[in-house]
Amino acid sequence: MSKRIDVKDLNVYYTNFLAVEDVSIEIEAKSVTAFIGPSGCGKSTFLRTLNRMHEVIPGGRVEGEVLLDGDNLYESGVDPVTVRSQIGMVFQRPNPFPTMSIKDNVLAGVKLNNKKISRSDADALVEKSLRGANLWNEVKDRLDKPGSGLSGGQQQRLCIARTIAVKPQVILMDEPCSALDPISTLAIEDLINELKNEFTVVIVTHNMQQAARVSDKTAFFNIAGTGKPGKLIEYADTTTIFSNPGVKATEDYVSGRFG
Amino acid sequence: MTTNALRRSGSKGQAGDKIFSGAALGAGILILVTLLAVAVFLLIQALPTFTADPTLVSGGEGFFSYIYPIVIGTVIAAAIALLIATPVGIAVALFISHYAPRRLAAGLGYVIDLLAAIPSVIYGAWGYLVLAPALVPSFQWLAENLGFIPLFEGPASQTGKTILTAGIVLAVMVLPIITSLSREIFLQTPKLHEEAALALGATRWEMITMSVLPFARPGIISAVMLGLGRALGETMAVALVLSTGSLIPSLIKSGNQTIAAEIALNFPEAFGLRLSELIAAGLVLFVITLVVNLIARAIIARHKEFSGAN
Ligand SMILES: Nc1ncnc2c1ncn2[C@@H]1O[C@H](COP(=O)(O)OP(=O)(O)O)[C@@H](O)[C@H]1O
Ligand SMILES: [Mg+2]
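Protein sequence lines, in the order shown, are assigned to chains Y and W.
Quick note: the first sequence uses our numbering, first residue 73, plus one each step.
Quick note: the second sequence uses our numbering, first residue 49, plus one each step.
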């Protein structure tokens, strides 16, 4: 239950501003891929094109192809709603639904499109998803309490539980730890390692140690200057990127010489 | 002499704080005092009505018999108005905030805000001259086909000047209040929560039910309460549109009366006990509005834990 993503010659725009230029990349199923690069180089923008969240922003559009196991997400007639139910997303700031209980948060995506689910199935799914997000033991006694009462790290794991509950093919994460303390960050990194057994994971991070710890492959994005489009500079095995990069800019960035 | 470097006296920042908190406190007290003064005035002026010989009160059977039909009339008119204006107002607000293309949304929002600025006498004239006659055929249809329900019992009014017409005019009047407040609140829904729903594969409508409406709930209740305040207190439009009479269940016959219109229509010629009666009616309206607001606050407070404010 996981699919590969192939991006071909993708340009990403905000109205007429070209934010990311000509990216082609192949992301293996059941792997963790990290996007790194200086801020403003278009990591988030590019990530959001992989599940058609980019077009939610007024003026957001793309040129090129994104293939999920060969099917183009951007072909006419493809419903973005279907795309997003197969490619889930975890955001930079934890965003559980504040008016819903922990349990309802986990089931939020499952109950969409009027899907009916029996009580026992729902309970089982809630437990499985929360266990999958390493959160079950902490919340099992207060499933009916609001999700917004949890700590930041717990909220983020709740968001991951909510995402895996809909059984997506791919999970996209945009700096999922940047709002969290180091302990919560470690908890999420452990979780990412487990998630890759079942899902294809793509994670944006500004933390290079984190990229080195969790990912199989790393993509380095860079930008020539403000107002210029971001580009994919180098994409290779994480060990290669950090120990023996092929491009000078990558080496400068991972060794901390700029950015 | 000991000096503590951390102590400072009379610095500008502190003075500003003091002035501001003083002003805020003053304003708060002023509001309370005004409210209290109104309540005391109403009570003192209304008192003779309650102590008077019941046979001298209008209707000849004491204040309660006089007031309860027009209380019910007031509530019916306001209820009709809210029943119509709440769903329509929320729908229009959602259309503006989440469906309409941006330029259309801006224009539409502007038009709605303009509606709120029209004086009520204009609404009354419109209801009297245009709406009431136009509704006559529908009232007749209702009387013929749904006449077995007491609310639509015939024969229908020939002029259309009924409590239902008044309710509809009130609905049009409170619609801009509910719409523009709801729209403001819908637009404030955090992008974060909207995107959370969309990223799970929600359609736009599902996103609205998961993120926008729960977030806006207390605000919608407040908007409806403000609308209710206007519907309860509206005099001119009702006075023009409603052909008054005693309390009857049918909404499509002439009859019924509201407190505000009763006061407005009779105040100019009233003196002595009659004046005191009308002021007592005003007191009752004051209490109704207060109770409604308390209920609304209770509803909002009951859902605090899940409001996202924590
Ligand atoms: N909503 C937006 N509208 C217009 N431009 C945007 C928007 N969001 C981001 N950008 C621009 O797109 C570029 C890439 O931003 P982003 O993807 O957020 O970078 P990163 O995530 O790598 O820090 C930046 O130049 C940024 O200013
Ligand atoms: Mg970013």
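The C-beta atom is built at its ideal place from N, Cα and C for all residues, glycine as well.
Within 7 Å of the CB of methionine 221 of chain W, no CB atom of chain Y is found; the nearest one sits about 31 Å away. For proline 248 of chain Y, no Cβ of chain W is located within less than 9 Å of the residue's own Cβ.
Per DSSP, the continuous beta strand (DSSP E) segment holding threonine 105 of chain Y begins and ends at 104-108. Put simply, the CB of proline 130 of chain Y is near chain W, with a gap under 9 Å to one of its CB atoms.
In this structure, the beta-carbon distance from alanine 173 of chain W to threonine 210 of chain W does not fall below 9 Å.
For leucine 184 of chain Y, the C-beta contacts it makes with chain W under 9 Å involve Ala245, Leu248, Gly249, Ala250, Thr251, Glu254, Met258, in order along the chain.
Between the segment 320-329 of chain Y and the segment 114-124 of chain Y, the count of Cβ pairs shorter than 8 Å is below three; the stretches do not touch.
Taking 8 Å as the cut-off, the C-beta of lysine 300 of chain Y does not count as close to any heavy atom of ligand 2. With 16 or more neighbouring CB atoms inside 10 Å of its own CB, tyrosine 307 of chain Y falls in the buried class. Segment contact: the segment 212-219 of chain W against the segment 277-293 of chain W, three or more CB-CB distances shorter than 8 Å; contact assigned. Around the beta-carbon of threonine 311 of chain Y, fewer than 16 other beta-carbon atoms lie within 10 Å, marking it exposed.
For lysine 303 of chain Y, the uninterrupted beta strand (DSSP E) segment begins and ends at 302-309.
Excluding sequence positions up to five before and after aspartate 216 of chain Y, its CB lies within less than 6 Å of the CB of Ser173, all in the same chain and listed in chain order.
For arginine 151 of chain W, no Cβ of chain Y is located within less than 9 Å of the residue's own Cβ. Under the 9 Å criterion on CB atoms, arginine 265 of chain W is classed as interfacial with respect to chain Y. Taken in chain order, the segment 65-98 of chain W contains no complete alpha helix (DSSP H) segment of 4 residues or longer. Note that the C-beta distance between alanine 141 of chain W and threonine 227 of chain W is below 9 Å.
Judged by DSSP secondary structure, asparagine 83 of chain Y falls within the beta strand (DSSP E) whose first and last residues are 77-86. With respect to the 9 Å criterion, phenylalanine 263 of chain W and serine 145 of chain W are not classified as neighbours on the basis of their beta carbons. Taking 8 Å as the cut-off, one finds at least one heavy atom of ligand 2 near enough to the beta carbon of aspartate 246 of chain Y. The Cβ of leucine 240 of chain W sits closer than 9 Å to at least one Cβ of chain Y.
Rounded to whole angstroms, the separation of the alpha carbons of leucine 82 of chain Y and glutamate 137 of chain Y is 6 Å. The shortest C-alpha to C-alpha distance from leucine 290 of chain W to any of W:Leu83, W:Ile132, W:Leu313, W:Thr99 is the one to W:Leu313. Beta-carbon to beta-carbon, glutamine 241 of chain Y and leucine 140 of chain Y are separated by about 7 Å, close enough to satisfy the 8 Å threshold. Set against 8 Å, the gap from the CB of lysine 115 of chain Y to the closest heavy atom of ligand 2 is smaller. Residue contact check for proline 185 of chain W against chain Y: no CB pair falls below 9 Å. The beta-carbon separation of threonine 272 of chain Y and isoleucine 99 of chain Y, rounded to 6 Å, stays under the 8 Å limit for a contact. Within the segment 170-196 of chain Y, the residues whose Cβ lies closer than 7 Å to any Cβ of chain W are, in chain order, Pro170, Thr171, Ala180, Gly181, Leu184.
Counting the other CB atoms within 10 Å of its CB gives alanine 204 of chain W a total of 16 or more, which places it among the buried residues.
Taken in chain order, the whole beta strand (DSSP E) runs of length 3 or more contained in the segment 176-254 of chain Y are 242-246.
For the pair alanine 245 of chain W and glutamate 232 of chain W, the CB atoms are not nearer than the 9 Å cut-off.
When rounded, the separation of the alpha-carbon atoms in alanine 321 of chain Y and alanine 271 of chain W is 56 Å. One thing to note: valine 178 of chain Y has its Cβ within 9 Å of the Cβ of leucine 230 of chain Y. For isoleucine 159 of chain Y, the secondary structure class from DSSP, reduced to helix, strand or coil, is strand. Using a Cβ-Cβ distance cut-off of 8 Å, the segment 183-197 of chain Y and the segment 161-170 of chain Y are not in contact, since fewer than three pairs of beta carbons, one from each stretch, lie closer than that value. Boundaries of the beta strand (DSSP E) around isoleucine 295 of chain Y: 289-295.
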